[in-house]
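*Asks:* Heads up: the sequence shown is residues 1 to 142, going by UniProt numbering.
Using N, Cα and C, we set each Cβ at its ideal position, and we do this for glycine too.
As the structure is a prediction and not an experimental result, all values here were calculated from the model.
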Amino acid sequence: MSATAGQAQGERGLAERLGLKAGQVVQEIGWDEDVDDELRDSIENLTGNELLDEESDDVVDVVLLWWRDEDGDLFDALTNAMRALAEGGQIWLLTPKAGRSGHVEPSDIGEDATTAGLSQTSSVSAAPDWSGTRLVTPKGRR
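In structure tokens form, the structure reads like this:
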């Protein structure tokens, strides 16, 4: 396997870890200079679409929400992120890993997600410095 093919597979693996698929439309909210560009690139490569910015009014399959403890009210951010979601869509909440600046306690994520009407379905190591929490609307509400 060539280095390029290996690199492409590695990048693809980051997006696949999030369960993303070709053709999905992904909106990115909370971009800042600390986000993981390799993860962003892998999502665009796998889906075949550029990430939409937070100003987009399009309906999306997935919202990628970069969130740090100092970013404000997580409940409000989740509520706003749900507005763009297609039926059956999901939010990937990306937060700094424990011990890193901006880390968000899992209990805070759980509380705010539940209050916003979302269910936490899985958590992954999304990138070297970022954890990912998959949030969906409960099946009864879809």
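With C-beta atoms as the reference, is Glu28 less than 9 Å away from Arg40?
*Replies:* Cβ atoms of Glu28 and Arg40: closer than 9 Å.
*Asks:* How about Thr95 and Arg68: are their beta carbons less than 9 Å apart?
*Replies:* Yes. Within cutoff.
*Asks:* Along the chain, where does the alpha helix (DSSP H) containing Thr115 start, and where does it finish?
*Replies:* Pro106 to Thr115 is the span of the alpha helix (DSSP H), which, as asked, contains Thr115.
*Asks:* According to DSSP, is Leu78 helix, strand or coil?
*Replies:* Three-state result, Leu78: helix.
*Asks:* In three-state DSSP terms, what is Gly99?
*Replies:* Looking at Gly99 - three-state DSSP - the assignment turns out to be coil, as it is neither helix nor strand.
*Asks:* Are the beta-carbon atoms of Ala15 and Asn45 separated by less than 9 Å?
*Replies:* Against a cut-off of 9 Å, the Cβ pair of Asn45 and Ala15 comes out as a contact.
*Asks:* Rounded to whole angstroms, how far is the Cβ of Gln90 from the Cβ of Val62, which I believe are closer than 8 Å?
*Replies:* Confirmed, about 6 Å.
*Asks:* Would you mind listing the alpha helix (DSSP H) stretches within the region 26-95 that are 4+ residues and don't spill past its ends, in chain order?
*Replies:* You should have 37-47 and 74-82.
*Asks:* Could you spell out where the beta strand (DSSP E) holding Ala126 opens and where it closes?
*Replies:* Note, Ala126: beta strand (DSSP E), Ser119 to Ala127.
*Asks:* Quick check on Asp112: buried or exposed, where buried means 16 or more other Cβ atoms within 10 Å of its Cβ?
*Replies:* Answer is buried; the Cβ neighbour count reaches 16.
*Asks:* Are Ala22 and Thr47 touching if we call contact CB-CB under 9 Å?
*Replies:* It is a contact, given that the beta carbons lie within the stated cut-off.
*Asks:* Answer yes or no: do Asp34 and Pro128 have a C-beta to C-beta separation smaller than 9 Å?
*Replies:* No, these two residues do not count as a Cβ contact at 9 Å.
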